[in-house]
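In the numbering used here, the protein residues as written are 5 to 106.
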Amino acid sequence: MAEAITIARPYATAVFRLAKEKKALAKWSDELALIAAVAENAQIKNLIDDPKLPSAELSRILLSIFEGKLSEPAVNLLKLLVENNRLTIIADIVAAFEELKA
């Protein structure tokens with residue numbers, strides 16, 4: 005989907021710049037892959053797609069899943085994606101990030 009990658013690219017670029025600046029490209033690759041893997045889980049996908057579930061509640065659920073597994077900047081990215089209803093494009097963000105990394 006061309007639109008998804010267009011939306012994902014600025015997120016990936018921002019993460020790439022931060023990761024490069026902090027010399028943490030591998031760590032960000034791992035964290036983004038973890039977020040994407042969880043987001044692809046059928047039960048989590050149902051929560052993400054549920055229009056009745058407030059974003060604050062979705063954030064709370066996801067943060068409990070990722071507790072101790074993500075850095076603070078990755079948690080902030082996760083919150084931002086949830087708030088902006090962009091978690092569905094995490095796979096595109098990962099792909100764009102990895103492309104920038106190559």
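C-beta: ideal position from N, C-alpha, C; glycine also.
Alpha helix (DSSP H) segment containing Asn45, residue limits: The sequence position of residue 45 within the sequence shown is 41, counting from 1. No alpha helix (DSSP H) contains Asn45, which DSSP labels as neither H nor E.
Given Ala28 as reference, the closest of Ile94, Glu103, Ala78, Arg90 once Cα atoms are compared: As a position in the sequence shown, residue 28 is number 24, starting the count at 1. With distances taken between Cα atoms, Ala28 lies closest to Ala78.
Spatial distance of Leu22 from Ser59 (CA atoms): Position 18 of the sequence shown, counted from the start, is the residue given in the question as residue 22. Position 55 of the sequence shown, counted from the start, is the residue given in the question as residue 59. Straight-line Cα distance between these residues: approximately 25 Å.
For Ser68, the first and last residue of its enclosing alpha helix (DSSP H): Start at 1 with the first residue of the sequence shown, and residue 68 comes out as number 64. Element bounds for Ser68: 59 to 70.
Buried or exposed (CB count within 10 angstroms, at least 16 for buried), Leu74: The count along the sequence shown starts at 1 and reaches residue 74 at position 70. Label assigned to Leu74: buried.
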